[in-house]
Amino acid sequence: MKFTTLITLCILFHFSKHTLSTITTTTTTLEENFKEAPKFYNSPTCTIITNHTCSIEAVHVAMTLDVSYIRGSMAAILSILQHSSCPENIIFHFITSSSKPSTVLNRIITNSFPYLKYQIYPFNDAPVAGLISTSIRSALDCPLNYARTYLADILPICLPKVVYLDSDLILVDDIAKLAATPLRSNTVLAAPEYCNANFSIYFTPSFWSNPSLSLTFANREACYFNTGVMVIDLQRWRSAQSTSNLEATSLKDQSIEVFTKAPDPA
Ligand SMILES: *[C@@H]1O[C@H](CO)[C@@H](O)[C@H](O)[C@H]1NC(C)=O
Ligand SMILES: *[C@@H]1O[C@H](CO)[C@@H](O)[C@H](O)[C@H]1NC(C)=O
């Protein structure tokens, strides 16, 4: 499971790089381009929440925020609010890179969503750099990709649960349903799983010819899960020390190239 997570991350980096190269708009025009969204109101059946901080009744959504992907994020936020029965009960937790100022991002969000309940958390991505295998070094172009692994550390300790969403998706149903995804006992997160991928192409011949590595797949159904949509039980994540477990599997000390350049499985 830990191992397959890494494979998924590798695939995601590929997409991200691709997206990055197609967006050339400057910050100034970006700010001017977004209109103000209307206020979205709770329906009468919604729970009235007086204190949203860490409320278990609220839906907490975590997303990364970066100038390069801001269009996607804006569309995602709007789609979440539009399809929610209780939009006023949604709290957004935005992770930004601490190496870039978040002033512009903050202004874009406030201008377009003046009624949004949100908080911005700067993520220090520098320490993550040392954990990345050299074969996927190009993934460092998008260090915020790693933020999803550190949510339990970044978000307030009192936050029990969070829905993590990538900034390149549109919701077409109530996010409260997604947030209510039941997690089996001892399960840290829920995410869409794929078991029909052909893993041969994601790893190099050196990987497959080295039994200590390739035996990872022996007698197992090779599956990966998409980390772009996750419902995370933060309390279980913290008590299972999942962050350090993931760091330990990052293969940083492998002396051979393990990953191929992930092909686009579209
Ligand atoms: C709201 O709830 C949080 C977390 O339970 C608590 O720390 C904070 O003091 C509360 N704020 C108010 C105004 O009651
Ligand atoms: C997986 O891909 C490899 C290399 O492209 C190919 O040789 C192999 O037959 C494929 N396996 C399946 C089950 O499709």
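When the letters of the sequence shown are read in order and numbered with mature numbering (1 follows the signal peptide of the UniProt record, and there is no 0), they come out as residues -21 to -1, 1 to 245. C-beta atoms are modelled at their ideal positions from N, C-alpha and C, and glycine is treated no differently.
Between PHE204 and the set ALA219, PRO171, PRO190, the nearest pair of CA atoms involves PRO171.
Listed in chain order, the non-local C-beta contacts of LEU150 below 6 Å within the same chain comprise SER58, ILE59, HIS62, local neighbours out to five positions each way being set aside. Beta-bridge analysis with DSSP links THR89 to no other residue.
DSSP, read as helix, strand or coil, puts LEU148 in coil. Taking a 10 Å sphere around the C-beta of ASP145, we find 16 or more other C-beta atoms and assign the residue as buried. Assigned with DSSP and collapsed to three states, ASP132 falls in helix. Membership of SER22 in any alpha helix (DSSP H) is not indicated, and neither H nor E is assigned to it by DSSP. Shortest Cα-Cα distance from SER218 to any of VAL210, ILE154, ALA131, PRO66 involves ALA131. Runs of beta strand (DSSP E) with 3 or more residues, each lying fully within the segment 49 to 79, are found at 69 to 76, listed in chain order. Counting along the chain, LYS156 sits inside the alpha helix (DSSP H) bounded by residues 154 to 158.
Contact check for ILE35 and PRO161: beta-carbon distance about 15 Å, past the 8 Å limit, so the pair fails to qualify. Its Cα nearest to that of VAL46, the residue SER81 stands out among SER81, VAL210, ALA16.
Within 7 Å of the C-beta of THR32 there is at least one heavy atom belonging to ligand 1. The nearest non-hydrogen atom of ligand 1 is 7 Å or more from the C-beta of CYS202.
For the segment 171 to 196, not one full-length beta strand (DSSP E) segment reaches 3 residues or more.
For CYS137, the Cβ falls inside the 7 Å cut-off from some heavy atom of ligand 1.
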